[in-house]
Amino acid sequence: MSVGKRKSHESAEAHVSGTAIYTDDQRLPSGMLSLFPVLAPHAKARITKIDVSAAYEVEGVVTVLTADDVPGENNTGVIVHDEILLATDEVSYWGQAVIWVAGETEEAARLGAEKVIVTYETLDPILSIKDAIVAQSFHHSPQVVRRGDPQTALQSADFCLDGEVEMNGQDHFYLETQTSWVIPDGEGHYQVYSSTQHPTETQIIVARVLGIASNQVVVTCLRMGGGFGGKESQANPFASVAAIAAHKTGRPARVKLRRHHDMILTGKRHGYLGQYHVGFTADGLITALDVDLYADGGWSLDLSPPVLLRAMLHVDNTYYIPHLEVRGRIAKLNRVSNTAFRGFGGPQGMVVIEDILDRVARTLNLPPDVVRERNFYHGTGETNTTHYGQELYDNRLARIWHEAKALRSSSPSGVVANFAERQVAIAQFNQANLHKKRGIAITPVKFGISFNKTQYNQAGALILVYADGSIQLNHGGTEMGQGLHTKMLQVAAQTLGVSLDRFRIMPTSTDKVPNTSATAASSGSDLNGQAVKNACETIQSRLATVAVRMMTLDTPEDLVFANDWIYCRSYPQNRVLFADVVKQAYSDRISLSATGYYRTPNIYWDETTGKGRPFYYFAYGVAVSEVEVDGFTGTFKLRQVDIVHDAGASLNPLIDQGQIEGGFVQGMGWLTMEELVWDTQGRLRTDAPSTYKIPTIGEVPEHFQVHLLERAAQDGVIYGSKAIGEPPFMLAISVREAIRAAIAAFGQPSHVPLTSPATPEVILWAIEQVRAESFSLNTPTDLDVLVPSK
Amino acid sequence: MTSALQNHFTIVINGATVRLKDVSPTMTLLHYLRQSGRIGTKEGCGDGDCGACTVAIVAQGSDGKPHYQAMNSCLIPLGAVAGREIVTVEGVSRDRLHPVQTAMVTTGGSQCGYCTPGFVMSLFAAYYDRALNDACVEGNLCRCTGYLAIRRAAQEVVENQPDDSDDRFHQHLQTTSADLSEISYNGNDQWFYRPTRLQDVLTLMEQYPDATLIAGGTDLGLEISYHRQHCEVMISLEAVTELKTLENTLEFVEIGAAVPLIHVEETLRGVFPSLDEMLHWFAARQIRTRATIGGNIGTASPIGDLPPVLLSLDAELKLAHSMGDRTIPLSDFFKGYRQTDLQPGEVIVSVKIPKSASTRRLSQAYKIGKRGTDDISIVAAAFVIDLDEDDRILHARLAYGGVAAIPIRAIAVEQMLIGKFWNHETIQHVKPALKQAFTPLTDLRGSADYRSLLVANLFEKFFVEFGEAPIQALEVTA
Ligand SMILES: Cc1cc2nc3c(=O)[nH]c(=O)nc-3n(C[C@H](O)[C@H](O)[C@H](O)COP(=O)(O)OP(=O)(O)OC[C@H]3O[C@@H](n4cnc5c(N)ncnc54)[C@H](O)[C@@H]3O)c2cc1C
Ligand code: FES
Ligand code: FES
């Protein structure tokens, strides 16, 4: 069996030896030009004059690219064409690349870029979601998804609360910055090497910018040094710029962003503002929810509409809310255009509802975990159906939740305890400590798997078997560290019953598999795995006829392909070697290459009604986190994390565990320390790892346990597995909620508002507020000022 | 200088001697490695912050012996590695993987693999120091794995650490030398000097008044990596004998300006608790192996972490100049934002810290950043309180970083404390004054209000942690 094994990453040995080649590690073609950008110094301004002449005086400068050099359309917008590539009249965010200088060396290009003079007339920028709301500056039309009648239900609710949740964006901080090389062949064709999660889209955009057909452009992605959504659409402008330079000069050209340029120029996770009215019963059951979600779309639309929709479809998380209306808007700001990032809006929607649940619980003086559990989707029919009309069916929530609560894990203090016992111990600790408080929280995740846009849910593969029995495997997905190639090799080896070392996995290339979808939405192995399996089965059935002849059997039925042999199940002694069958097939003039294809069945989405079955299935997980917060400084320490996650029948538990751990830590970074700071002029102040802090090993607790849900095979998915890329990210909400619990322990608040990220400063102010409230314990609590409407 | 000016120098990379002629001595080692086809070493930031560029260099440890030390190649100008030995990721395995590589493969320590060469090099260096722990990779960022698999890899190696008597790197360390020779290099219209005597430094500074001094290069490296500074003449202090001494007597400790912080950490552990604590939170281990105490003071950053500690301990600076030497209190050294009392042609020779005769001394340092590990301070603080037998305060030092244009003491509050009892009332009494002691700025790291609150809260935290604690006996280690 290849599938289900803890196999190391197929490139692991190359990774540790430094021999794994990334885009910018390839042998430099002779005459390669390097490109360097000229950045806009204003968040919004009219360009009055561009003077590039001085750049040409710099030795080594070959050419300067301006809008006039674009042979096709000067636009890289993906959903709508609203993303000017080389600015003509206006700049829309601070740091926008206006002009690119091509030089014999990066140094020459950089010095040339310093010489370019652009004059501007500044305009008033919009720099926050709230300012955009005031100015009614929005992209796209408003979106609504609705179930029941929340307005009426709010009127009749036992309790009502209003509130607001604000959260920051997040830089992807993939370790490899954006890189593209374009090599012209002199006959009007372009070979693009790009660190891109979406080679097909890069191909389309490069062709559009050059004004040529897609078949003139080949885009190849070797592997990426991290993507996380940040190379889904964001690779396109840089590949396009390199292509324009290649077109103009006839020479190969390269863009490799330096870190600060990458952080300034590329889109990030959307910051969000959520405003809500919630109605609930004295038991903490939510009866009605009315929410507005505002996403910081930045200056252009990019992928904001599907990101917003996913946020709207995850604002329920795991909770049955009989009356729910969610409205979404994409604010248009003079900031970088935000984009896909692991979770794709899901995390933002979930942070809002988890905030609400905690508040409901504290308002009623009930334990948050109890209130969460009471509100779970359950049963069948209505109570197990989302606000967009999709029933959960194989609802694994209760099972995972109870497993997580029952886990008896050893804590940093050496005590082995389950959730309830730990809660008691923490309460005791908090009693005994005035200046340090601990908090524990358990939070669930339900994440819908499939691209919201039905048409993207298709994939292709191409398998080439050579007469010596060696095999090349191609599929439409890209490798960014998530282990997709490894899993695809396992699937292919499993299906063909051959050993893994027969294979070479090929770089993802648009001349092998056309019209692919982005490797995104956690769908990489679900979609490509089925396509690979399909291609392998085609080869298999052709080989079967040959094998049957070789073994002088009557029919190809009941043949087994295993361990590089082919035999009949009922008579295993009579067998032939896979390699011999291949050789014979070639002699018999049987085709040894095949394509594979897959489309996800039974999914649909009606945009006009906001209803449908957009997801093929749901992934589930539960996390328990424990923190300690310092009352003098607001600093916190994550003490312990325990996770139960549903990876189905994991294709590769080693890889899936890595996805869970990595996703969780990335989510914790987003929620606690990764703070994007823009100043009042819209300049990004956190454009380097010295100012933008992602977690280090020091922030990751020793006590970190991941349990994969057992007996969890998922029907209809490749070998019973489940998507794993994104869902674990949201398990980190447990850290935020544990911090909130610890803050609450400094008093007895009915509400602990927290902006995100919960940095030490944010935490300390929250503690101060809690303390101030508990000093005046006699003042009315939120409970007294609730709107009793009955 | 005794050596003649040369237009070339050599570096040993993965055992092979490479001769470099007419190169820019300020080209970063990372740039050179990648340009020369050694693409295993990656650039993740060019900032010293991500560790993707980590290589190992043979350098002298605090025990005086040669060690492999992890080093950020993006911060190191080529001149600084002249005549030295480097191991890159390409050189770690020959016929089979190195134990740290094997462990990284089997535990799933690499996902996208881009950070991996850097982790491998940090683990490689720690392997030969028998120091495979979290700290050895705290300067390496990984965005994919969440570090858990990497931690498991390190643990796996520790559990199965093989006998390395026939390991070629281990053997090499037994025979090689980490002594630094004198270098006088001129190429690409730039000069790079590495003298071994203080006298030569002073002469060179006279000869080249605009020369840039470089010690560990962990501050300067940023300027070079991002081309913000063109250094025509560089004088490396790394090999200067007089700047590399570390003396620990009954009355004082004297630390040479060019002593790497890791040596300070290892040699002086237990002498000054606040120094121990601050060094623990100072940057990441691989920065501390390069960074020096002279550089931390010389760079005169208001958020430098050691000045508050040194101010609280009443440290003095010894300065040398061709016209004569002088000694000044550190508190007189910082003049304004990034301005010091250092005169043209003057060099910091050492930092001298007196040992207190007090028998009841409390001291500690605190550093608050957005991220606990390897972050720049929002506020750093160091406190010293000496008590008499009745718990009355005899002597007080409250020094801070991040709250003013220079590292600074809260002198008015120190005076308020003298003669008071070391108790809760006293703390509450001075807290309002402390909160208003400085007018810090709001910046990307934190707001002015947060900083002011920390100034007061950290002192109270110090009291809570040390108020009731048993009084420590002053450690007298000479
Ligand atoms: C990733 C990273 C993290 C960091 N974290 C921290 C941190 O947590 N806390 C902190 O305080 N700093 C930090 N720093 C800054 C830096 O590491 C320290 O300031 C370090 O002590 C500088 O020492 P150096 O020897 O590397 O100085 P260099 O870079 O060599 O020199 C710095 C400056 O001092 C001058 N100089 C050096 N020696 C002398 C001398 N003997 N006489 C006169 N002038 C001299 C140089 O000319 C130069 O201007 C960090 C840097 C990086 C890259
Ligand atoms: S490249 Fe990031 S530390 Fe050197
Ligand atoms: S494996 Fe991708 S950054 Fe570490």
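So the protein lines, in turn, are chains A and B. Residue 4 is where the first sequence starts when you use my numbering, and the numbers rise one by one after that. Residue -18 is where the second sequence starts when you use my numbering, and the numbers rise one by one after that. Positions of the beta carbon are idealized from the N, C-alpha and C atoms, including for glycine.
Answer with buried or exposed for residue i, where buried requires no fewer than 16 other C-beta atoms within 10 angstroms of its C-beta.
i, result
"R390/B", "buried"
"T498/A", "buried"
"E562/A", "According to the sequence displayed, residue 562/A carries Leu and not Glu. Buried: at least 16 other Cβ atoms inside 10 Å."
"Y619/A", "buried"
"T383/A", "exposed"
"S413/A", "exposed"
"H(-11)/B", "exposed"
"Q669/A", "buried"
"G188/A", "Checking the sequence, you will find Asp at residue 188/A rather than Gly. So D188/A ends up on the exposed side."
"E729/A", "buried"
"F402/B", "exposed"
"P32/A", "exposed"
"D659/A", "buried"
"A423/A", "exposed"
"V81/A", "buried"
"G197/B", "buried"
"S724/A", "buried"
So, is the C-beta of residue i closer than 8 Å to a C-beta in chain C?
i, result
"M491/A", "Any reference to chain C falls outside this structure, whose protein chains are A and B."
Go to residue i, then tell me how far its beta strand (DSSP E) extends in each direction, as first and last residue.
i, result
"W103/A", "100 to 106"
"V281/A", "275 to 283"
"T51/A", "48 to 54"
"M170/A", "162 to 170"
"I658/A", "That residue, I658/A, is in no beta strand (DSSP E); its alpha helix (DSSP H) goes 656 to 675."
"H376/B", "374 to 382"
"V332/B", "328 to 335"
"G183/A", "Checking the sequence shown, residue 183/A turns out to be Ser, not Gly. That run of the beta strand (DSSP E) goes 182 to 187."
"K316/B", "315 to 317"
"P461/B", "Nothing about residue 461/B can be reported from this structure: the residues present for chain B run from -18 to 459 only."
Specify, as a first and last residue, the run of the alpha helix (DSSP H) that residue i falls within.
i, result
"I403/A", "400 to 409"
"K133/A", "132 to 138"
"M52/B", "Taken as a continuous stretch (DSSP letters only), M52/B belongs to no alpha helix (DSSP H), being part of the beta strand (DSSP E) at 47 to 53."
"S307/A", "307 to 316"
"Y589/A", "581 to 590"
"C571/A", "Careful: C571/A lies outside any alpha helix (DSSP H), inside the beta strand (DSSP E) at 568 to 571."
"Y862/A", "Only positions 4 to 793 of chain A appear in this structure, which leaves residue 862/A out of reach."
"D430/B", "429 to 447"
### Query
In chain order, what are the residues with a CB under 6 Å from some non-hydrogen atom of ligand 2?
Every residue with a CB closer than 6 Å to a heavy atom of ligand 2 is listed here in chain order: E24/B, G25/B, C26/B, G27/B, D28/B, G29/B, D30/B, C31/B, G32/B, A33/B, C34/B, N53/B, C55/B.
#### Entry: Under 5 Å, CB to nearest heavy atom of ligand 1: contacting residues
This selection yields G29/B, D30/B, L194/B, I195/B, A196/B, G197/B, G198/B, T199/B, D200/B, L201/B, A238/B, F263/B, A264/B, I268/B, A272/B, T273/B, G275/B, G276/B, N277/B, G279/B, T280/B, G285/B, D286/B, V328/B, I329/B.
### Message
Give me the subset of the segment 657 to 668 of chain A whose CB atoms are less than 9 Å from a CB atom of chain B, sorted by chain position.
### Response
Taken in chain order, the members of the segment 657 to 668 of chain A whose beta-carbon sits within less than 9 Å of a beta-carbon on chain B are L657, I658, Q660, G661, Q662, I663, E664, G665, G666, F667, V668.
### Query
Residues in the segment 352 to 364 of chain B with C-beta within 7 Å of chain A's C-beta atoms, listed in sequence order?
In summary, the residues of the segment 352 to 364 of chain B whose CB is separated from some CB of chain A by less than 7 Å are R352, G353, T354, D355, D356, I357, in the order they occur in the chain.
### Task
Check distances from the C-beta atoms of the segment 745 to 772 of chain A to those of chain B and list, in chain order, the residues that come in under 9 Å.
Taking 9 Å as the Cβ-Cβ cut-off, the segment 745 to 772 of chain A approaches chain B at P760, T762, P763, E764, L767, W768, E771, given in chain order.
### Residues, ordered as in the chain, of the segment 677 to 697 of chain A that lie near chain B by beta-carbon distance below 7 Å
Taking 7 Å as the Cβ-Cβ cut-off against chain B, the residues of the segment 677 to 697 of chain A that qualify are E678, V680, R688, T689, A691, P692, S693, T694, K696, I697.
### Within 7 Å of chain A by C-beta, residues of the segment 437 to 448 of chain B in sequence order
So the list reads N438, L439, E441, K442, V445, given in the order they occur along the chain.
### Message
Beta carbons nearer than 9 Å to chain A: which residues of the segment 215 to 229 of chain B have them?
### Response
Result list empty, no residue passes.
### Task
Please specify which runs of the beta strand (DSSP E), each continuous and at least 3 residues long, are wholly inside the segment 192 to 222 of chain B, giving them in chain order.
Listed in chain order, the complete beta strand (DSSP E) runs (minimum 3 residues) inside the segment 192 to 222 of chain B are 193 to 195, 214 to 217.
### Query
For the segment 419 to 443 of chain A, which residues have a CB atom closer than 9 Å to at least one CB atom of chain B, in sequence order?
When CB distances to chain B are screened at a threshold of 9 Å, the residues of the segment 419 to 443 of chain A falling below it are L437, H438, in chain order.
### Message
Residues of the segment 120 to 144 of chain B in Cβ contact with chain A at a cutoff of 9 Å, in chain order, please.
### Response
Result list: G120, N121, L122, C123, R124, C125, T126, G127, Y128, L129, A130, I131, R132.
### Message
Quick check on the DSSP output: what are the complete beta strand (DSSP E) runs of length 3 or more inside the segment 213 to 294 of chain A, in order along the chain?
### Response
List check, beta strand (DSSP E) in window: 220 to 224, 256 to 259, 275 to 283.
### Query
Which of the residues in the segment 23 to 34 of chain B, read from start to end, lie with their CB under 9 Å from any CB of chain A?
Shown in chain order are the members of the segment 23 to 34 of chain B whose Cβ falls below 9 Å from a Cβ of chain A: K23, E24, G25, C26, G27, D28, G29, D30, C31, A33.
#### Entry: Interface residues of the segment 71 to 102 of chain B facing chain A [CB-CB below 7 Å]
Those residues of the segment 71 to 102 of chain B that come within reach of chain A (Cβ to Cβ, closer than 7 Å) are E71, S74, L78, Q82, M85, V86, T87, G89, S91, Q92, C93, G94, Y95, C96, T97, P98, V101.
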